[in-house]
Amino acid sequence: MASTMLSLVSAALPLQENHKGKMNLGSSDRSSFLRKEKRNPFMKTKSFGRINMAIAVNTSRFEGVTMAPPDPILGVSEAFRADNSEMKLNLGVGAYRTEELQPYVLNVVKKAENLMLERGENKEYLPIEGLAAFNKVTAELLFGAGNPVIEQQRVATVQGLSGTGSLRLAAALIERYFPGAKVLISSPTWGNHKNIFNDARVPWSEYRYYDPKTVGLDFDGMISDIKAAPEGSFVLLHGCAHNPTGIDPTPEQWEKIADVIQEKNHIPFFDVAYQGFASGSLDADASSVRLFAARGMELLVAQSYSKNLGLYAERIGAINVVCSSADAAARVKSQLKRIARPMYSNPPIHGARIVANVVGDPALFNEWKEEMELMAGRIKNVRQKLFDSLSAKDKCGKDWSFILKQIGMFSFTGLSKVQSENMTNKWHVYMTKDGRISLAGLSLAKCEYLADAIIDSFHCVS
Amino acid sequence: MQRRRMMIKWAHDTVRRRFMSTSAAAIDWWNHVGHAPKDPIMSVTEAFLSDTSPNKINLGVGAYRDDDGRPVVLQCVRDGEVKIAGTEFLESVSASVSSKLVEESVKLIYGKDADFIKEGRFAGVQALSGTGACRLFAEFQRRFYPQSKIYLPIPTWSNHHNIWRDAQVPGRTFHYYHPDSKGLHFAALMDDIKNAPDHSFFLLHPCAHNPTGVDPTEEQWREISNLFKVKNHFPFFDMAYQGFASGDLDKDAKAIRIFLEDGHLIGCAQSFAKNMGLYGHRVGCLSVLCVDAKQAVAIKSQLQHITRAMYSSPPVHGILLVSTILSDPHLKELWKKELKVMANRIHRMRSTLHESLKKLGSPLNWDHMTNQVGMFCFSGLSPDQVNRLVKEFHIYMTYDGRISMAGVTTSNVSYLANAIHEVTKFG
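So the sequence lines, in the order shown, correspond to chains A and B.
Residue numbering for the first sequence follows the numbering used here, starting at 197 and increasing by one per position.
Residue numbering for the second sequence follows the numbering used here, starting at 55 and increasing by one per position.
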């Protein structure tokens, strides 16, 4: 046995040399490996009774792994933190800030957490589809409690890890049951949409959305591109407060979008990350989704509570699939579970309990609505002040009204990449290079400074 | 391939059907979506929950229960919650909390003085408990070794197969459990390791193997490690029960430490679901050991890239709890004590059940009940016998005969012993 082991070891040595593999395992250590006279720091010897075996430290299997590209959005916050200027302003990530530019934990969330702490509930696994109480209230919040799709049990709702996780479940469902089907995403859209569909191996293409000339919606382009797509494509729509542009279709435009989607037998796929944050009204912000559902269409809707309940870090959201029958909904739900189980087994409890407590309790729910209105209201005020400052300061008479027309946390300023860089390098204003600013990170006090920065970047940099 | 063609045909048929229909009524996109098979483990709990018998026993899911059959929230966890209450935790998990969690997690596995940790020669990221850590590694494996396979022991936790399959890494198996001895099939295991192509990826349970409870001895682990060196295999450990096997955290990590001594650069999935009772919070860690700190940074960036498209960032509450408990010496000591209590109760139940079966005069050898380690006992019961236990005695377990000892209590152990004896007394 001993001698066999030894011969195996010596036989193994040339094997290491021969292995080329796809990765570069190159290291000069191997050449000294075989020279036994010279003491090699990577060689350790170990006694096993009568046998002395040479055991070398492996060169890593993952030699060839390169650095992944930095995330463009999160990278902004990192750069901001590293900046020492007093004037710095973080308009990068879409996380809500108070007028004092502090993070904000909603009162209803604090209350819900206290309730949970008092109750001392256990920490058992949730079912794969998530907390039943959460799934119930989240669907009701989205569609309205009395909506036929809910009464007829035609919605398959599965708790997901916020918007990202819910989108990923849906993407996996599409890949499995509609192989080859494309997802149409707006140009531009939230950067992570592409990553999600890429990693899920779902092909995507873009439909025109943002018109730089009007800093508004390229509606004709949008309709045209949706029409031109192969039948049976999935059309990714932002339910409200489009990210990154802040430009939403009007109700009439939504009707026309629904028309063309039905005409082409596409499936609408909503990403609802800002319900309540757009207009301040939870119901109003769900009207696009409800419009489509009312037409009897089957649709997918991903939801997130990161922004509207400030539960960013708890990762709470849901994927809803509205089907034509209760049976189909049951089957779809079972398949979503089958996708979730090998991803993370079952979703996290904490955020789900908070939402279930807030949305499920009439008093807390009303309180939430008020806090929602306050948050959305602050953003509307900031938009107004920014618009006023820009209009007052801009001597060239540019029309800045798009700031007021846009809705939600973000504004697409129309600044180019170079101009956005000027915002950061000269003015210490951190934003994404596509010209997107997060109004949630802007205070009334800073509006004038920002206006100066924008005007300077716009007119003096090209 | 055939199934894929079928799916595409179905999708096209559906589309054609719709194109011909003129009504705007609800159209059925999901016609071709069948019912997924029930998860074998979760469905046991579902069946248990709907059973109204007062004698029912749930020996399905591996979640710890106290001697009254109730779920437990550890005192160290309750104390931890009070400590973190009101902490304003926003946006994605702040870098310092994440790195604290990872740092404490890897210390548990590799030992707090491990060179790797001091020199930053590892890539560590938080993960969604053990499942998430395995899936993250599987995705990473496929990305950088697209032709590779994963070798899984026979048997293993059923979800392992799902995880690597969904990550599109083909699965292979290696011998592990010997049904005759109800122990380790060591010779066959070593053969399979030897016969696998060099540089294969293997998944190993470092302690408290799930579902069998059968673990290699220390000597056997050393031999396995040596053979891995010879074959240049990649060892990936799924550590779900550290502390639960022997009651001692370091002892339960022995297998991994042996591999480390031998110079392997391993990967390890770690879960806090069982040993901290944080099941629903989904807290775990994935670590990959590297040649140097620079490579560690690169690998970590790739892992984070994968998570960004899956769920962006992990849920903070559990991470905060674990990092608080592990970095507070008092809470950490409390945890270790509570872990011992849980492990001891399981040992006691194993002995008691074993004794009871002997006393009943069972013709079978039940030594494996006390030889096997951890939460699970691979009873050796056949699917028919399991079925009888469910139907006649309202005792629930998975059909492979796996018993979760955590579900056995002082008050139900006699009933259980009787029931097992009933269905096995005639061999």
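The C-beta atom is built at its ideal place from N, Cα and C for all residues, glycine as well.
Here the structure is a predicted model, which is why all the values come from computation and not from measurement.
If you drop the 5 nearest sequence neighbours on each side, which residues of the same chain put their C-beta closer than 8 Å to that of residue i?
i: residue 206 of chain B; result: 214, 215, 218, 225, 226, 227, 228 and 257
i: residue 239 of chain B; result: 229, 230, 231 and 232
i: residue 620 of chain A; result: 275, 626 and 627
i: residue 141 of chain B; result: 374
When the Cα of residue i is compared with those of the options, which residue comes out closest?
i: residue 509 of chain A; options: A:334, A:357 and A:404; result: A:357
i: residue 270 of chain B; options: B:230, B:249 and B:245; result: B:230
i: residue 369 of chain A; options: A:637, A:578, A:632 and A:530; result: A:530
i: residue 443 of chain A; options: A:422, A:410, A:514 and A:463; result: A:410
i: residue 551 of chain A; options: A:627, A:501 and A:373; result: A:501
i: residue 533 of chain A; options: A:517, A:433 and A:495; result: A:517
i: residue 506 of chain A; options: A:364, A:294 and A:278; result: A:294
i: residue 462 of chain B; options: B:115, B:477 and B:97; result: B:115
i: residue 457 of chain B; options: B:291, B:106, B:464 and B:428; result: B:428
i: residue 323 of chain A; options: B:349, B:278, B:244 and B:336; result: B:336
i: residue 496 of chain A; options: A:625, A:416, A:339 and A:593; result: A:339
i: residue 402 of chain B; options: B:204, B:467, B:137 and B:356; result: B:467
i: residue 439 of chain A; options: A:641, A:630 and A:644; result: A:630
i: residue 308 of chain A; options: A:586, A:585, A:549 and A:336; result: A:549
Could you pull out every residue in the same chain whose Cβ sits closer than 6 Å to the Cβ of residue i, ignoring the five residues on either side in sequence?
i: residue 287 of chain B; result: 254 and 256
i: residue 318 of chain B; result: 289
i: residue 78 of chain B; result: Note that residue 78 of chain B scores a pLDDT of 39, beneath 50, so its modelled location is shaky; the value from the coordinates is reported in the next line. Excluding residues within five positions, none has a Cβ falling inside 6 Å.
i: residue 266 of chain B; result: 231 and 432
i: residue 219 of chain A; result: Here residue 219 of chain A scores only 36 on pLDDT, less than 50, and its place in the model should not be relied on; the value that follows carries that caveat. Excluding residues within five positions, the ones whose Cβ falls inside 6 Å are 259 and 260.
Strictly under 8 Å for the Cβ-Cβ distance: is residue i near chain D by that measure?
i: residue 168 of chain B; result: No chain D is present in this structure, whose protein chains are A and B.
Just mark residue i as buried or exposed, buried being the case when its beta carbon has 16 or more other beta carbons within 10 Å.
i: residue 325 of chain A; result: buried
i: residue 480 of chain B; result: exposed
i: residue 392 of chain B; result: buried
i: residue 319 of chain A; result: buried
i: residue 347 of chain B; result: exposed
i: residue 342 of chain A; result: exposed
i: residue 646 of chain A; result: buried
i: residue 480 of chain A; result: exposed
i: residue 343 of chain B; result: buried
i: residue 613 of chain A; result: exposed
i: residue 562 of chain A; result: exposed
i: residue 448 of chain B; result: buried
i: residue 503 of chain B; result: The first residue shown for chain B is 55 and the last is 481, placing residue 503 of chain B beyond what the model contains.
i: residue 104 of chain B; result: exposed
i: residue 384 of chain B; result: exposed
i: residue 656 of chain A; result: exposed
i: residue 446 of chain B; result: exposed
i: residue 441 of chain B; result: exposed
Apart from the five residues just before and just after residue i, which ones in its own chain have a Cβ nearer than 7 Å to its Cβ?
i: residue 666 of chain A; result: Outside the displayed range of chain A (197 to 658) lies residue 666 of chain A, so it cannot be described from this structure.
i: residue 2 of chain B; result: In the structure as shown, chain B begins at 55 and stops at 481. Residue 2 of chain B is therefore absent and cannot be evaluated.
i: residue 420 of chain A; result: none
i: residue 568 of chain A; result: 472, 476, 478 and 504
i: residue 236 of chain B; result: 422, 432 and 434
- prompt: Is the region 518 to 534 of chain A close to the region 304 to 311 of chain A, with three or more CB pairs under 8 Å?
  reply: no
- request: May I ask you to verify whether the region 377 to 390 of chain A touches the region 422 to 434 of chain A, counting CB pairs closer than 8 Å and requiring at least 3?
  value: yes
message: Quick check for students: name the residue ranges of the alpha helix (DSSP H) that lie wholly in the region 116 to 148 of chain B, counting only runs of 4 or more.
response: 129 to 138
field: Continuous beta strand (DSSP E) assignments of at least 3 residues falling wholly in the region 407 to 478 of chain A
entry: List check, beta strand (DSSP E) in window: 430 to 434 and 463 to 468.
query: Which residue spans inside the region 155 to 211 of chain B form an unbroken alpha helix (DSSP H) run of at least 4?
result: 169 to 172 and 183 to 198
query: Are at least three pairs of beta-carbons, each pair with one atom in the region 266 to 283 of chain B and one in the region 371 to 390 of chain B, less than 8 Å apart?
result: no
Length-filtered (4 minimum) alpha helix (DSSP H) runs lying within the region 588 to 658 of chain A: 598 to 601, 613 to 623 and 643 to 656
task: Any chance you could list the alpha helix (DSSP H) runs of at least 4 consecutive residues sitting entirely within the region 248 to 288 of chain B, in chain order?
output: Correct list: 272 to 285.
task: Decide if the region 414 to 426 of chain B is in contact with the region 316 to 333 of chain B; the criterion is three or more beta carbon pairs, one per stretch, under 8 Å apart.
output: With the cut-off at 8 Å, the region 414 to 426 of chain B and the region 316 to 333 of chain B do not touch.
- prompt: Are the region 358 to 365 of chain A and the region 389 to 397 of chain A in contact at 8 Å, needing three or more beta carbon pairs?
  reply: yes
message: Counting beta carbon pairs with one atom in the region 285 to 292 of chain A and one in the region 629 to 636 of chain A, are three or more of them shorter than 8 Å?
response: Output reads yes: the region 285 to 292 of chain A touches the region 629 to 636 of chain A.
Beta strand (DSSP E) segments (min. 3 residues) lying fully within the region 331 to 404 of chain A: The qualifying runs are 351 to 356, 379 to 383 and 400 to 404.
field: Segment contact, 8 Å Cβ cut-off, at least three pairs: the region 192 to 203 of chain B with the region 348 to 363 of chain B
entry: yes
query: Considering only residues of the region 290 to 314 of chain A, which uninterrupted alpha helix (DSSP H) runs meet the minimum length of 4 residues and lie entirely inside it, listed in chain order?
result: none
- request: May I have a chain-ordered list of the alpha helix (DSSP H) segments no shorter than 4 residues that lie completely inside the region 420 to 471 of chain B?
  value: 422 to 425 and 437 to 447
- request: Flag this pair as touching only if the region 361 to 370 of chain B and the region 169 to 177 of chain B have three or more C-beta atom pairs under 8 Å; answer yes or no.
  value: no
- request: Take every Cβ of the region 258 to 268 of chain A, pair it with every Cβ of the region 558 to 575 of chain A, and state whether three or more of those distances are shorter than 8 Å.
  value: no
- request: Report yes or no: do three or more beta-carbon pairs, one from the region 444 to 455 of chain A and one from the region 469 to 489 of chain A, lie closer than 8 Å?
  value: The region 444 to 455 of chain A vs the region 469 to 489 of chain A: in contact.
- prompt: Could you give the uninterrupted runs of the alpha helix (DSSP H) lying entirely in the region 292 to 360 of chain B, keeping only those of 4 residues or more?
  reply: 303 to 306 and 308 to 315
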